[in-house]
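All remarks here apply to the structure that follows.
Protein chains: 2
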Amino acid sequence: MQSQRLPTLEDVARVAGVSRATVSRVINGIRNVDPLLHEQVWSAVDQTGYVPNRLARSLVTRRTGTVALVVSDSETHDDDPFMSRFFSDPYFGRVVGGLMSVLRPAGIQLALQMVGADGHRRLIGDLRNGQADGAVVLSLPARDPLPALLAEAAIPAVLIGRPAQPVPISYVDLDNEAGAALAAARLAAHDRRRPAIISGPADVPASVDRISGFRRAMARHGHPWVPLESGNFTQESGEQAMRALLAAHPGLDAIFVANDLMALGALLVLRDAGLRVPQDVAVVGFDDSSAAVAARPALTTVRLPLEDMAAEAARLLLARVDDPGVRVTSVIYEPTLVVRETT
Amino acid sequence: MQSQRLPTLEDVARVAGVSRATVSRVINGIRNVDPLLHEQVWSAVDQTGYVPNRLARSLVTRRTGTVALVVSDSETHDDDPFMSRFFSDPYFGRVVGGLMSVLRPAGIQLALQMVGADGHRRLIGDLRNGQADGAVVLSLPARDPLPALLAEAAIPAVLIGRPAQPVPISYVDLDNEAGAALAAARLAAHDRRRPAIISGPADVPASVDRISGFRRAMARHGHPWVPLESGNFTQESGEQAMRALLAAHPGLDAIFVANDLMALGALLVLRDAGLRVPQDVAVVGFDDSSAAVAARPALTTVRLPLEDMAAEAARLLLARVDDPGVRVTSVIYEPTLVVRETT
DNA sequence: CCACGCTTGGAAAGCGCTCTCCAAGTCTCC
DNA sequence: GGAGACTTGGAGAGCGCTTTCCAAGCGTGG
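First to last, the sequence lines map onto chains H and A.
So for the first sequence, the numbering used here puts the first residue at 19; every next one is plus one.
So for the second sequence, the numbering used here puts the first residue at 19; every next one is plus one.
Set out below in structure tokens:
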């Protein structure tokens, strides 16, 4: 890599016959440079194959042109298989894709930072030192202290998903309650009388909102109590929950599942139990992931515009980086229901 | 972020009552420091909340503790929807997960770099300047010039997937021919006489190998010619290809699909056509992605150990970074067949 | 014709760190 | 007891860049 020395500003200056400062001005597009010199400098740049050293530049400007995507899993350990599950879930990729759609045109890099329980201090330090200009945070654990730490350290950051505790930090999220209500309305409209829920972990805000939103809406439709079984967002846990629900409430005719992957599992169990979907049991998922389209029957689901949300998070972050004075703003997306074959 | 000045080495040195150099030694674990001073320095570090500035450090050491994951798509443009497809495909996440499993314990960061046709020079420059210590390259287009450029610039790099043209650069790949042969053997063993292929793009090496591997194996089993329809690895293209194949060869009884997503599409079309799987038509996919398990009937597929491959790529890269002298080595994984319900 | 203001280029001081020298101190051995 | 070998800490020179400050060059008005 450092096979032979790369051309530096100094070299360009020598070739162009001007001073280092002048070259720097030209490269950074500062006016007040004689057009003739301007020309000379650029041709010297070409001639030498000069590329500015970002490190050196960042050191003095305190800007890196990089934002960090922080994946926080403070409760898990390095060897936890959880992480591999997380990455293979399309969720991660959709977020990256959404971020990139904004970052790339802006010429900003994305650095992936995973941080466990022990890494918080280090992360904050690196961030303050200018590892990155800001951070988009994907906070997995329910009571993650990271959002609060970031706010305290005044690091530009945007969360994807509302933090469990209120923290003065921007975030983008979906109106999960409304999404669940959409599902409930659809089920009620088709006259389902014995609904049930397969939820996510009880301490994740999104999970809690989906449960309460569904129950509240169902209550309005005359179903004061809806039984619930919870999973952990994997297909397998969806199967388990479905089996448990079926055993406890054999007569159920509708089920709201907190994400598509678990819904897929539920679909399999229903099939094995000889129940027809949607005739015997209607199913509504959540996320509108690619799994929903691929499922047979195709899954009716609440659309989570994750790419859009991530893109918005990137935009909020960049705005904050450009002007640290902008106030904390959060954006809540309105969900829509995508009706397919399971209702 | 730069709200107030962060503690620097200088500050720590002052507090500890020693020189900057001594603090640097202690922090970097260099021997020959009086245990007493050693103690003093660490307590000064604690007291000041000092965190080394990576940028400054990298500038002088020419090591960043970062590797780049370069996603090269020299033939597409920024606004191409291709990229969003790419990120939502589990492929990307599996690679990231595999890389992280090695990088994270080693304390190395991952930076995502997307590069289009115009960005090559810039990328090489940044890499040589020490943006990253090395690169893992996910090269999408068939005739991507990037591998050659990297080799020429002597930048430590490892490709995931064999380059289209031979280039003196390490890579990890699957023995695609052998994988396809495995699928062929399975199909032949079940006495299928009219096989067909749904392949990927004709200019991607992996695609080519899967086709030739399947055809060669089938020839050995007495089927000199196997009809083929190609797609672009998306579910939709799989559906189209399946329809075309069915129209041209109504009697086919076995199909080898170059990835699971397209196989999913094929399964749907077969179902709609009233054909039973596997009784009427047997299907073998490729990748063993999560989609294969979720499919109904569950998909028999050739397992592509992508996480392992990515992890190995990371290992090769780190070895190369530590010792630029290590020779170019490539690792070819042996595929296995995962038999489920579609054969 | 000189004083003054404006434009434009250059010198040099850092950004925070590492690491090579070198000097001072400590120990050993004859 | 003193010379040599070894240990240990500090001074300072950069890494490649930006940016402030200043001087020189120019034009203008009194």
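Just so it is clear, CB atoms sit at the ideal spot from N, CA and C, and this is done for glycine as well.
DSSP places residue 36 of chain H outside both helix and strand once states are collapsed to three, so it counts as coil. For residue 105 of chain A, the closest Cβ of chain H is nearer than 8 Å. For the set A/121, A/265, A/312, the Cα lying nearest the Cα of residue 281 of chain A is the one of A/312.
Annotation for residue 330 of chain H: 190, 349 place their beta carbon closer than 7 Å to its own, counting only its chain and skipping 5 residues before and after. If you draw a straight line from the Cα of residue 178 of chain A to the Cα of residue 152 of chain A, it comes to about 14 Å. The three-state secondary structure of residue 126 of chain H, taken from DSSP, is coil.
In chain order, 253, 279, 282, 283, 286, 309, 312, 313 make up the part of chain H whose C-beta sits under 9 Å from the C-beta of residue 312 of chain A. Within the same chain, Cβ atoms closer than 6 Å to the Cβ of residue 360 of chain A are found at 295, 296, 301, 315, 317, 318, the five residues on either side in sequence being excluded.
Neighbourhood of residue 65 of chain H in chain A, by CB distance below 9 Å: empty, with the nearest CB roughly 14 Å away. In this chain, the beta strand (DSSP E) harbouring residue 213 of chain A covers 213–217. The way I'd put it, the segment 129–145 of chain A doesn't touch the segment 72–81 of chain A; fewer than three beta-carbon pairs between them come closer than 8 Å. With 16 or more other Cβ atoms inside 10 Å of its own Cβ, residue 353 of chain A counts as buried. Taken through DSSP and simplified to helix, strand or coil, residue 352 of chain H comes out as coil.
With contacts defined by Cβ atoms closer than 8 Å, residue 259 of chain A and residue 216 of chain A form a contacting pair. For a cut-off of 8 Å, the C-beta gap from residue 197 of chain A to residue 231 of chain A is around 7 Å, short enough to register as a contact. Where residue 189 of chain A is concerned, the enclosing beta strand (DSSP E) starts and stops at 188–192. In chain A, no part has a C-beta under 9 Å from the C-beta of residue 46 of chain H; the shortest such distance is about 16 Å.
Three or more Cβ pairs closer than 8 Å define a contact, and the segment 109–119 of chain H falls short of that threshold against the segment 33–40 of chain A. Counting of Cβ neighbours within 10 angstroms places residue 218 of chain A among the buried residues, the total reaching 16 or more.
Here residue 152 of chain H carries a strand assignment [DSSP, helix/strand/coil]. Using a Cβ-Cβ distance cut-off of 8 Å, the segment 284–295 of chain H and the segment 330–343 of chain H are not in contact, since fewer than three pairs of beta carbons, one from each stretch, lie closer than that value. With a 10 Å radius around the Cβ and a threshold of 16 neighbouring Cβ atoms, residue 235 of chain A comes out buried. The CB of residue 149 of chain H comes closer than 7 Å to the CB of 72 in chain A, given here in chain order. Counting of Cβ neighbours within 10 angstroms places residue 208 of chain H among the exposed residues, the total staying below 16. One Cα belongs to residue 120 of chain H, the other to residue 347 of chain H, and the distance between them is close to 18 Å. Within the DSSP bridge table, the entry for residue 132 of chain A names A/89 as partners. Taken in chain order, the whole alpha helix (DSSP H) runs of length 4 or more contained in the segment 201–282 of chain H are 223–238, 253–266.
DSSP places residue 337 of chain A inside the alpha helix (DSSP H), whose first and last residues are 324–340. Annotation for residue 253 of chain A: 279, 280, 282, 283 place their beta carbon closer than 7 Å to its own, counting only its chain and skipping 5 residues before and after. For residue 116 of chain H against residue 324 of chain H, the beta-carbon gap comes to about 6 Å, under 8 Å, which counts as contact. Boundaries of the beta strand (DSSP E) harbouring residue 178 of chain A: 175–178, taken from the DSSP string. Excluding residues up to 5 positions away in sequence, 58, 59, 62 lie with their Cβ nearer than 6 Å to the Cβ of residue 34 of chain A in the same chain.
Cβ neighbours of residue 358 of chain A within its own chain (closer than 6 Å, five residues either side excluded): 316, 317, 318. Residue 106 of chain A is positioned such that its CB atom lies closer than 8 Å to that of residue 308 of chain H. With a threshold of 8 Å between beta carbons, residue 127 of chain A makes contact with chain H.
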